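Chains as they are written, first to last, in this note's numbering: chain V, 191 to 369; chain S, 58 to 236.
(1) Pull up the distance between the alpha-carbon of residue 316 of chain V and that of residue 324 of chain V, whole angstroms please.
(2) Tell me the rounded alpha-carbon separation between residue 166 of chain S and residue 347 of chain V.
(3) Classify residue 118 of chain S as helix, strand or coil using the three-state DSSP reduction.
(4) Leaving aside the five residues before and after residue 289 of chain V along the sequence, list all residues of the same chain whose C-beta is less than 6 Å from its C-beta, in chain order.
(5) For residue 255 of chain V, which residues of its own chain have a beta-carbon under 7 Å away from its beta-carbon, when the five flanking residues on both sides are left out?
(6) Between residue 153 of chain S and chain V, is there a C-beta pair that is closer than 8 Å?
(7) Do residue 161 of chain S and residue 127 of chain S have their CB atoms nearer than 8 Å?
(8) Could you tell me which residues DSSP pairs with residue 156 of chain S in its beta bridges?
(9) Are three or more beta carbon pairs between the stretch 243 to 252 of chain V and the stretch 337 to 356 of chain V nearer than 8 Å?
(10) How many angstroms separate the CA atom of residue 205 of chain S from the CA atom of residue 227 of chain S?
(11) Is the beta carbon of residue 120 of chain S sitting closer than 8 Å to the one on residue 152 of chain S?
(12) What three-state label does DSSP hand residue 219 of chain S in the structure shown?
(13) Give a yes or no on whether 8 Å exceeds the smallest Cβ distance from residue 213 of chain S to chain V.
(14) Against residue 280 of chain V, what residues of chain S qualify as contacts under a CB-to-CB distance less than 7 Å, listed in chain order?
(15) So if DSSP puts residue 307 of chain V in a beta bridge, which residue, or which two residues, is it bridged to?
(16) Considering residue 208 of chain S, what are the terminal residues of the beta strand (DSSP E) in which it resides?
(17) Please decide whether residue 194 of chain S counts as near chain V, where near means a Cβ-Cβ distance under 8 Å.
(18) For a quick check, are the C-beta atoms of residue 321 of chain V and residue 261 of chain V less than 8 Å apart?
(19) Got a sec? Which residues, its chain only, sit under 7 Å from residue 243 of chain V by beta carbon, not counting five neighbours each side?
(20) Quick check on residue 304 of chain V - is its C-beta less than 8 Å from some C-beta in chain S?
(21) Considering residue 137 of chain S, what are the terminal residues of the beta strand (DSSP E) in which it resides?
(22) Can you tell me the Cα-Cα spacing of residue 131 of chain S and residue 221 of chain S, whole angstroms?
(23) Does DSSP classify residue 277 of chain V as helix, strand or coil?
(24) Determine which residues of the stretch 113 to 143 of chain S have a Cβ less than 8 Å from any Cβ of chain V, and write them out in chain order.
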């Protein structure tokens, strides 16, 4: 029986870490956005091909990030630097857990600015300066988050499509029942 | 060289509130401390006897640590979202080990740790003796140990870092209990 024509597999995002990364194309882009080692560790926690655990964590992260950004907006309008620092620290943790490098780095800066320190957390800055920096940083981190959200949703969508294709192939190739 | 007392199916930690209720705890070997730790950790991975309390206001990082501990080491995990909730839990149920976030609203991880060890608190006596491992995006700091913590695992946690720290904490406690 002839094999089902193979559709070209979608790129296995995050799986080609051993290949040289010249910074171009999908691989370079995603490496800038995502720490693949960390994200792969999250994927390895999945028990089945439905990726229930990692997907639940990522979707929960989306909800958490949206809520945290709303709280950051409020804290910024209240000029509450202490709260902004805490929120930055909070979102840094879960961003790091998934491997979102840019978002994590920006959250860390917000944590420092909220403590009236520079982005490295060493030199002191004024309250006015801190608020100014956070104001522009907040817009930046929201964009970085949107980028990450799009990437992750595409990742799971492609994964789900691949799994569905494999399931269909397995059904098609199974021996036909005979009377 | 002190050795962890272990059988093929459980590990007895001196001072631990949970020695297996059904499995004999008498040692039947004279292994080196390194291989005893390894055997102990192997035993931990196949027995559900280790009860772990995770104290973390971030659901995502709490769930990820819980997954690592339950899937890789067979722990039975309970998560609480605040220091106050943790103290309540520790006053009514015994655990073997605690992973404690540091930066939490109201009661920090440091304050919670001090409260656990404070005389006059409602925490069960057995829970005052169990190891507490800091679980945080912050770097390891002396103040954790000064407050009474026994170890540190950086966020995001992975199987390797958790394993190393569990081994170190268990070995350290075994040595100190033999003096």
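Glycine included, each C-beta is placed from N, C-alpha and C at the ideal position.
The model shown is predicted, which means the values in this text are computed figures rather than measured ones.
Per the coordinate set shown:
(1) 12 Å
(2) 38 Å
(3) helix
(4) 224, 225, 228, 229
(5) 281, 335
(6) no
(7) no
(8) S:111, S:190
(9) yes
(10) 15 Å
(11) no
(12) helix
(13) yes
(14) 115
(15) V:314
(16) 208 to 211
(17) yes
(18) no
(19) 235, 236, 237
(20) no
(21) 133 to 137
(22) 16 Å
(23) helix
(24) 114, 115, 116, 117, 118, 120, 121, 124, 125, 128
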